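Undergrad:
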Amino acid sequence: MNLLSKAGLWALLLLLMCSGVASAAASTVTDDNGRVIITGSSDGTKVTLSLEYADLTADFTGFNLELEVPAPLDALSGKFESGNPAIQLSAADNYDTTVGLYKLIILNPALSASPQGRSGKIGDVTFRFKVEQSAQELAFLVKTVRVYGGGEQLIHKRNERYALPQPDTTKPIVAAQPAGGTYGETQTVTLTLDDNDPAAEIHYTLDGETPTASSLLYTSPLTIDRSTTLQFIGIDTAGNQSDVAAELYDIDMTGPTVTEAKLQDEKTLTVAFDEAVDAVITDVTSGHFQLHTGDSSQTAVEIESVTLNADKSVATLTMAAALEKHVHYKLTVQGVRDLLGNAMADTYATTLTMKDTPPVNQAALFLEQSADIIEPGDEFKVIIKADANDVYGFDISLTYDPAFAQLIDAPIVHSDFGAEGTASLLFNDDKAGTLRIIGTRLGAESGVSGRVGLVELNFKAQDKDGMSGFVITTDSQLADSRPIVQSLPTAVSGGIAIADPDVGGGGLAVNDLVLVARAFGKSAGDSGYLESVDMNKDGKINIIDIAYVAYKLLK
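For the sequence shown, the residue numbers in mature numbering (1 follows the signal peptide of the UniProt record, and there is no 0) are -24 to -1, 1 to 531.
Here's what the structure looks like:
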């Protein structure tokens, strides 16, 4: 540095020490003659302030900064670096030892001889954290900032505050409008994102896959014209990702269809649909239902009322007068709409005939089990049997509690009914404790009769003390070879007790027998009654419970 430039530098330093006080708060210092832009970043060990000038009224020729450094940072570690050699060679910093104060001056006649333009990068000032200090909210006080251009002072600001931006850890929040649901027409879905980052993006999928940053980018509203699961996430530039949002759109543009029309008695018939329908059909003047005689006269039958069941899927039509037996009637159903307004695509027509009422047939079913009491973890068998004539097919629903019993094998056709695959077929569906079993004989002229087995079920007791109950529900049916359906008049119940004879723990011994014997005569609700010593779970401690534990001891 030549003598002239040194003299100029010290003259400027003297001038800078005589500063007044002003107040402002911005990361961009703005003046009529231009701007100074300060941006900051931290990597956890150091903080870097980047300095730029912009829109000056003359070419940049000098700069001065006095910065009050926040306590977690070491002001003396401040170091200025510029990628511009002319600026770097003209810079001097950290020449003041005042605690917490950093000073930078850039001034050299060479800058005037080498114009730096009216917008550009000055350089970076880096501060290191003090020992045992770490990144946190940091606020700098820019006590003085001066910018020179063309040899003149263009900008002079004091006491400007600059807060270092904190790391963005906030997850975006995403939403869809309209939300998922059942709709009767194509939906236009708008996705929204709430985040403090204007550059945050939404990515989505329509194929059931979980969305990621590489999934489809949302740029405009989506057209959903079929049943679809829409999943989407928001991701900001800091890498924060929202929770995955999922909306199921059920686009139903298909009208209802009739699944069954059936005469119930001489004045009543029912019409079942495959979905809930609009209650407007209960208006008998709506013309949705018409009933005529099937002969050439096509005489209309007056429908007195139409009602819907609870789930609106079955309509009951009541006639004003009794229908005649052995007369064919033509039923027409048209224009019925579902709850979304979709109308039947086609008119439904069928012929119904009122016949003599057949006698009600009732099925006799019962349960047979391999034991009355079992231990947790034991396997056991339940056989469903019938007491009837000419059993050719069956549709049986059995409920059980999965908390007490686990079905370990597929149901097996009982040998009484016929060998599966050659003399019979069996189908089943097990859903959370509700087992439906359908079976039929093959090719035979008649069914089986008497007290016969139909199905064998293999279970395993869960590791739980209690009563494992089984119920054949009233929707179960038998069919004979004619075929006439026989219904089950009442539910059939059965159960098997799950009990551990080692009631005292530590292994089965005579003390367990004593514990049961001491409770002899107690009933549920009595003081001293314990369900754990009630082996057969009948609510009373009697000789059966004592005998069972004794039997286990002798084995």
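Each residue gets a CB set at the ideal place from its N, CA and C atoms; glycine is no exception.
Being a predicted model, the structure only gives us computed values, none of them experimental.
Would you kindly check if the distance between the Cβ of Asp441 and the Cβ of Ser508 is under 8 Å?
TA: For Ser508 and Asp441, yes; Cβs fall inside 8 Å.
Undergrad: Reducing DSSP to helix, strand and coil, say where Ile63 ends up.
TA: Here Ile63 sits in helix by DSSP.
Undergrad: Compare the C-beta of Thr33 with all C-beta atoms of chain B and state if any pair is closer than 8 Å.
TA: Checking the listed chains, one finds no chain B in this structure; it contains a single protein chain.
Undergrad: Please identify the residue among Leu284, Ser196 and Leu52 whose C-alpha is closest to the C-alpha of Arg104.
TA: Measuring from the Cα of Arg104, the nearest candidate turns out to be Leu52.
Undergrad: Only counting the same chain, and skipping five residues up and downstream in sequence, which positions put a Cβ closer than 6 Å to that of Ser26?
TA: Excluding sequence neighbours, Ser26 sits near Thr15 and Asp100.
Undergrad: I need the straight-line Cα distance from Ala248 to Asp241, nearest angstrom please.
TA: Approximately 16 Å between the Cα atoms of the pair.
Undergrad: Should Arg122 be labelled buried (16 or more other beta-carbon atoms within 10 Å of its own) or exposed?
TA: It counts as buried.
Undergrad: State yes or no: is the C-beta of Val367 within less than 8 Å of the C-beta of Gly409?
TA: No, Cβ-Cβ distance for Val367 and Gly409 is not below 8 Å.
Undergrad: Is the CB-CB distance between Thr114 and Val23 below 8 Å?
TA: With the sequence shown as reference, residue 114 is identified as Leu, and Thr is not the correct amino acid for it. Against a cut-off of 8 Å, the Cβ pair of Val23 and Leu114 comes out as a contact.
Undergrad: Is Thr323 helix, strand or coil when you go by DSSP?
TA: Reduced to three states, the DSSP call for Thr323 is coil.
Undergrad: Between Ile474 and Asp392, what straight-line distance do the alpha-carbon atoms span, to the nearest angstrom?
TA: Their Cα atoms are separated by approximately 29 Å.
Undergrad: Does the beta-carbon of Met511 have 16 or more other beta-carbons within 10 angstroms, so that it is buried, or is it exposed?
TA: It is buried - the Cβ of Met511 has at least 16 other Cβ atoms within 10 Å.
Undergrad: For Ile522, which three-state DSSP category applies?
TA: Note: Ile522 maps to helix in three-state DSSP.
Undergrad: Are the beta-carbon atoms belonging to Ile131 and Asp7 less than 8 Å from one another?
TA: Yes, the Cβ-Cβ distance between Ile131 and Asp7 is below 8 Å.
Undergrad: Taking DSSP as the reference, what is the three-state secondary structure of Val486?
TA: The answer is helix: DSSP assigns Val486 an H, G or I state.
Undergrad: Is the number of C-beta pairs between the stretch 70 to 85 and the stretch 35 to 43 that are closer than 8 Å three or more?
TA: Touching, yes, given that three or more Cβ pairs across the two stretches are closer than 8 Å.
Undergrad: Mind checking Val107: buried by the 16 CB within 10 Å criterion, or exposed?
TA: It is exposed - the Cβ of Val107 has fewer than 16 other Cβ atoms within 10 Å.
Undergrad: State the DSSP-derived secondary structure class of Ser469, mapped to helix, strand or coil.
TA: Three-state result, Ser469: strand.
Undergrad: Looking only at C-alpha atoms, which of Ile227, Asp456, Ile360 and Arg417 sits nearest to Gly429?
TA: Measuring from the Cα of Gly429, the nearest candidate turns out to be Ile360.
Undergrad: Determine the closest residue to Asp322 out of Ala276, Pro232, Gln345 and Asp377, with distance taken between C-alpha atoms.
TA: Checking every option, the nearest Cα to that of Asp322 belongs to Pro232.
Undergrad: Quick check on the DSSP output: what are the complete beta strand (DSSP E) runs of length 3 or more inside the stretch 235 to 317, in order along the chain?
TA: Listed in chain order, they are 244 to 249, 265 to 269, 279 to 284, 290 to 295 and 304 to 309.
Undergrad: Hey, how far is the Cα of Leu(-22) from the Cα of Ile63?
TA: Note that Leu(-22) scores a pLDDT of 33, beneath 50, so its modelled location is shaky; the value from the coordinates is reported in the next line. Leu(-22) and Ile63: Cα-Cα distance of roughly 18 Å.
Undergrad: State the DSSP-derived secondary structure class of Val447, mapped to helix, strand or coil.
TA: Strand at Val447.
Undergrad: Could you pull out every residue in the same chain whose Cβ sits closer than 7 Å to the Cβ of Lys528, ignoring the five residues on either side in sequence?
TA: These residues qualify, in order along the chain: Pro477 and Leu484.
Undergrad: So, with DSSP's three-state summary, where would you put Tyr527?
TA: Helix.
Undergrad: Taking the alpha-carbon positions, what's the Thr269 to Ile257 distance?
TA: Each residue's alpha carbon lies about 22 Å from the other.
Undergrad: Under three-state DSSP, which class holds Ser373?
TA: DSSP places Ser373 in strand when its eight states are reduced to three.
Undergrad: Relative to the C-alpha of Asn60, which candidate in Asn434, Ile98 and Ala340 has its C-alpha closest?
TA: Of the candidates Asn434, Ile98 and Ala340, the one whose C-alpha sits nearest the C-alpha of Asn60 is Ile98.
Undergrad: Quick one: using the 10 Å Cβ neighbour count with 16 as the cut-off for buried, is Arg417 buried or exposed?
TA: That one is buried.
Undergrad: DSSP beta-bridge partners for Thr162?
TA: Partner(s): none; Thr162 has no beta bridge.
Undergrad: In three-state terms, what does DSSP make of Val12?
TA: Three-state DSSP puts Val12 in a strand.
Undergrad: Using a Cβ-Cβ cutoff of less than 8 Å, which residues in the same chain neighbour Ile517 once the five nearest sequence positions on both sides are dropped?
TA: Here the set comprises Val492, Ala495, Phe496, Gly497, Lys498, Ser499, Tyr505, Val509 and Asp510.
Undergrad: For residue 596, report the span of its alpha helix (DSSP H) as first-last.
TA: For the chain, the structure presents residues -24 to 531; residue 596 sits outside this window and is missing.
Undergrad: For His179, list the residues DSSP reports as bridge partners.
TA: Answer is Leu193 and Ile209, bridged to His179.
Undergrad: Mind checking whether Asp405 and Leu383 have CB atoms under 8 Å apart?
TA: It is not a contact, given that the beta carbons lie outside the stated cut-off.
Undergrad: Determine the closest residue to Asn434 out of Ile178, Lys288, Asp385 and Ala67, with distance taken between C-alpha atoms.
TA: Here the closest residue by C-alpha is Asp385.
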